[in-house]
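Going by my numbering, the residue at position 64 of the sequence shown is 64; the numbering climbs one at a time, nothing skipped. Note that beta-carbon positions come from the ideal geometry of N, C-alpha and C, so glycine has one too. Written below as structure tokens is the structure these notes are about.
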Amino acid sequence: MFEYAPAPESRSIVDIAPSYGLFIDGEFVPPASSGGVFKTVNPATEEVLAEVSTAGPEDVDRAVAAARRAFGPWSALPGAERAKYLFRIARILQERSRELAVLESLDNGKPIRESRDVDLPLAAAHFFYYAGWADKLKYAGFGDDPRPLGVAAQVIPWNFPMLMLAWKIAPALATGNTVVLKPAETTPLSALFFADVCRQADLPPGVVNIVTGAGETGRTLVEHPGVDKVAFTGSTEVGRQIARSVAGTRKRLTLELGGKAANIVFDDAPIDQAVEGIVNGIFFNQGHVCCAGSRLLIQESAYDEVIEALKRRMATLRVGDPLDKNTDIGAINSAEQLERIRTLSDIGAEEGAERWSPPCELPAQGFWFAPTIFTGVTQAHRIAREEIFGPVLSVLTFRTPAEAIEKANNTPYGLSAGIWTEKGSQILAVADKLRAGVVWANTFNKFDPTSPFGGYKESGYGREGGRHGLEAYLA
Ligand code: NAP
Ligand code: MG
């Protein structure tokens, strides 16, 4: 057996402060009063990385007020001037991408290979892309005098902390809005690092404010009367609460929620390529991906061949130290998430599906879950219906394209889907009938700032990315 020597990325490249304040009006400030502090840990070791402040109502109030003051001058700048700041931020993100990639892997648990090659390049690309739009808004198809909305409250999850921040902040600033952003409780560090990037870019104070804290801070922020726009990425459950709280106000809302994507493999698909796509679809980022291909639909005639090749490939996946450049699967982001994955997987086995994982040794410390597939899954099983948000794949079968489409659409979600076949006509015919915001053909989990992303049904509404992504921030 071929052995890899350890190839750890050095963590000394990034400085983590012992404690962080809130970033309000261009300064790091302590929380006003009752807020208090919480700790963020490295999920691969459970080591405490830093103490972070909880923003209470007074702090959120200050942040929204700072964003409001900054809005007038910021929105009055010519688009070409705003673009300069965005270009500058994009370049700083590129220059500091090694630091940021290490920080992201430490705080989140994702493999350095992904934070270095996916999260960070895409985050910078988002700023470059929207910088390009800032002086061309008149030509974006939203009227000849599109106006910004005002102060945007943005709440993001822990699975792609830096990338979700970029998806939210870049279009908001390009269109002339100002921002108060709340990162997730378990992954606040890259957003706090970004605050420093804003200062380095000489961004005017108050244009970007970062308030850290748990769900309560998020709730206080989205319910704040001084906010004109709410942009949320997270679970469908919290999305529902936010939709209720925003209803009847004049706030505009976009929601990017959960998913349970079907990845459909026809019997004429190039099997090796499809297997790579299946692995990428569900094991990328430990399966903490809203658009993960978590339901594999295989045409019966290719079932044995696909499963055999998939198991062979899974046996080569390397689970372990996120900072090791050879690691494919890192740590589960939190003890709570690990518990959820375990619970749903146990339910899968209890309900009669057959569970399989390759032999793999998990570290003793930290939060880990072996890559897992369930075969013999039916549509009634909870693991076929509920989002697991972990490295767990549910496998179903179909005979005809019509059956594949019906099964794929048989979900309350509608975020993404994948199709694997040699026939272009089959791709077009099937894609047309799938109720999913993004459909990938003979690939999976491909992202580009020029391409809109968003859901149908319980996966939310509104689009991020591309020209479409501007609309959510324009009146
Ligand atoms: P979550 O619990 O909904 O949390 C998302 C964010 O909202 C976090 O910052 C959270 O704070 C905050 N929050 C919690 N309760 C809130 C409330 N009542 N009001 C306002 N904000 C509140 O989701 P998660 O478990 O962290 O993330 C996983 C989910 O996000 C999955 O369902 C996944 O599919 C979805 N997701 C969707 C997309 C997409 O683009 N569609 C992308 C990534 C993830 P805390 O950190 O304290 O919980
Ligand atoms: Mg953490």
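*For A402, verify whether its CB is less than 6 Å away from any heavy atom of the ligand NAP.*
Sequence index remark: in the sequence shown, residue 402 carries index 402 (1-based). Relative to the ligand NAP, the beta carbon of A402 is positioned no closer than 6 Å to any heavy atom.
*DSSP beta-bridge partners for S115?*
Here residue 115 is taken as the residue at index 115 of the sequence shown, counted from 1. In the DSSP output, where bridge partners are listed per residue, S115 has none listed.
_Is W440 a contact residue of the ligand NAP, with contact defined as CB to any heavy atom under 6 Å?_
For the purposes of this step, residue 440 is taken as residue 440 along the sequence shown, with counting starting at 1. Answer for W440: no, Cβ out of range of the ligand NAP.
_C-alpha gap between G109 and Q286, whole angstroms_ = As a working note, residue 109 is residue 109 in the sequence shown. As a working note, residue 286 is residue 286 in the sequence shown. The alpha-carbon atoms of G109 and Q286 are separated by roughly 9 Å.
*asked:* Please give the ranges of any alpha helix (DSSP H) in the region 117-156, keeping only runs that are unbroken, at least 4 residues long and fully inside the region.
replied: Complete alpha helix (DSSP H) runs here, min 4: 120-133.
_Measuring alpha carbon to alpha carbon, tell me which residue in A436, W440, R219 and G460 is nearest G424._
What you label residue 424 is simply residue 424 of the sequence shown in a count that begins at 1. When each option's Cα is compared against that of G424, the closest is W440.
*Any C-beta of chain D sitting closer than 7 Å to the C-beta of A243?*
Chain labels in this structure do not include chain D; a single protein chain is all it has.
*Just tell me which of I341, V395, A431 and I13 has its CA closest to the CA of F389.*
Counted from its first residue, the sequence shown places residue 389 at position 389. Checking every option, the nearest Cα to that of F389 belongs to I341.
*Under 7 Å Cβ to Cβ from I419, same chain only, skipping five residues before and after it: list those, please.*
Along the sequence shown, read from residue 1 onward, the residue named residue 419 stands at position 419. Excluding sequence neighbours, I419 sits near I264, I427, V430, A431, V439 and A441.
*Under the three-state DSSP convention, the category E339 falls into*: Here residue 339 refers to the residue found at position 339 when the sequence shown is read from its first residue. E339 falls in the helix class under three-state DSSP.
*With distances taken between CB atoms, is the gap from T217 to K182 smaller than 7 Å?*
Position 217 of the sequence shown, counting from 1, holds the residue named residue 217. Position 182 of the sequence shown, counting from 1, holds the residue named residue 182. Yes, the pair counts as a contact, with Cβ atoms nearer than the cut-off.
_Let me check understanding here. Comparing Cα to Cα, which of A63, A44 and P30 lies closest to V52?_
If you number the sequence shown from 1, residue 52 lands on position 52. Nearest option by C-alpha distance: P30.
*asked:* Please give me, in chain order, every unbroken run of the alpha helix (DSSP H) with length at least 4 that falls completely inside the region 252-335.
replied: 271-283 and 303-314
*State yes or no: is the C-beta of A101 within less than 7 Å of the C-beta of R82?*
The residue you call residue 101 lines up with position 101 of the sequence shown. The residue you call residue 82 lines up with position 82 of the sequence shown. At a Cβ-Cβ threshold of 7 Å, A101 and R82 do not count as neighbours.
*If you compare alpha carbons, which of Y413, F232, V227 and L257 is closest to F71?*
Reading the sequence shown from its first residue, position 71 is the one you call residue 71. Residue V227 is the option with its Cα nearest to F71.
*Below 7 Å between beta carbons: does that hold for P401 and F369?*
For the purposes of this step, residue 401 is taken as residue 401 along the sequence shown, with counting starting at 1. For the purposes of this step, residue 369 is taken as residue 369 along the sequence shown, with counting starting at 1. Cβ distance not < 7 Å, so P401 and F369 don't count as in contact.
*Should the region 393-409 be called in touch with the region 291-305, which here means at least 3 C-beta pairs below 8 Å?*
Enough Cβ pairs lie closer than 8 Å, so yes.
*Would DSSP call R355 helix, strand or coil?*
For the purposes of this step, residue 355 is taken as residue 355 along the sequence shown, with counting starting at 1. Strand, per DSSP.
*Work out the CA separation of R96 and I478 for me, nearest whole Å.*
A query on residue 478 cannot be resolved here, the shown segment of the chain reaching from 1 to 475 and no further.
*Run through DSSP, which three-state label would F71 get?*
For the purposes of this step, residue 71 is taken as the residue at position 71 of the sequence shown. Residue state, collapsed to three classes: helix.
_If the criterion is Cβ atoms closer than 7 Å, does the pair F284 and L255 meet it?_
On the sequence shown, position 284 is the one that residue 284 refers to. On the sequence shown, position 255 is the one that residue 255 refers to. No, the Cβ-Cβ distance between F284 and L255 is not below 7 Å.
*In chain order, what residues of the same chain lie with their CB nearer than 6 Å to the CB of C198, ignoring the 5 residues before and after it?*
Taking the sequence shown and counting its residues from 1, one reaches residue 198 at position 198. The residues are V208.
*Could you name the residues that DSSP lists as bridge partners for E27?*
Mapped onto the sequence shown, residue 27 falls at position 27. E27 pairs with I24.
*From R312, E471 and R435, residue whose alpha carbon lies closest to that of N410*: The residue you call residue 410 lines up with position 410 of the sequence shown. Answer by Cα proximity: R435.
*At a cut-off of 6 Å, is N159 close to the ligand NAP when judged by its beta-carbon and the heavy atoms of the ligand?*
As a working note, residue 159 is residue 159 in the sequence shown. Here the distance from the Cβ of N159 to the nearest heavy atom of the ligand NAP is below 6 Å.
*asked:* Considering only DSSP beta bridges, list what G460 is partnered with.
replied: As a first step, residue 460 is located in the sequence shown; it is residue number 460 there, counting from the start. E256, per the DSSP bridge assignment.
*Taking contact to mean at least 3 C-beta pairs separated by less than 8 Å, is the region 306-321 in contact with the region 268-284?*
Of all C-beta pairs linking the region 306-321 to the region 268-284, three or more are shorter than 8 Å, placing the two stretches in contact.
*Looking only at DSSP bridge pairs, what is E47 linked to?*
Position 47 of the sequence shown, counted from the start, is the residue given in the question as residue 47. Paired residues: N42.
*asked:* Could you tell me which whole alpha helix (DSSP H) segments of length 4 or greater appear in the region 392-426?
replied: 401-409
*Please list, in chain order, all residues of the same chain as A513 whose beta carbon is under 6 Å from its beta carbon, the five residues on each side excluded.*
In the structure as shown, the chain begins at 1 and stops at 475. Residue 513 is therefore absent and cannot be evaluated.
_Test item: CB-CB of G414 and S459 under 7 Å_ = Residue mapping note: residue 414 aligns to position 414 of the sequence shown, counting from 1. Residue mapping note: residue 459 aligns to position 459 of the sequence shown, counting from 1. In contact: G414 and S459 (Cβ atoms closer than 7 Å).
*Going by beta carbon distance, what residues of the same chain come within less than 8 Å of G215, once the five residues before and after it are set aside?*
Indexing the sequence shown from 1 puts residue 215 at position 215. Closer than 8 Å at the Cβ level, and outside the excluded window around G215, lie E185 and V238.
*Name the DSSP beta bridge partners of L203, please?*
Working through the sequence shown from its first residue, we reach residue 203 at position 203. Answer by DSSP bridge pairing: none, since L203 is not bridged.
*asked:* Let me make sure I understand the geometry here. Which of V222, I92 and P157 has the alpha-carbon closest to that of D196?
replied: Locating residue 196 in the sequence shown gives position 196, counting from the first residue. It is I92.
*For L362, is the classification buried or exposed, using 16 other Cβ atoms within 10 angstroms of its Cβ as the cut-off for buried?*
Residue 362 sits at position 362 when you count from the first residue of the sequence shown. Exposed: under 16 other Cβ atoms inside 10 Å.
*Nearest-angstrom Cα distance between P8 and T54?*
In the sequence shown, residue 8 corresponds to position 8, counting from 1. In the sequence shown, residue 54 corresponds to position 54, counting from 1. CA-CA distance, P8 to T54, rounds to 33 Å.
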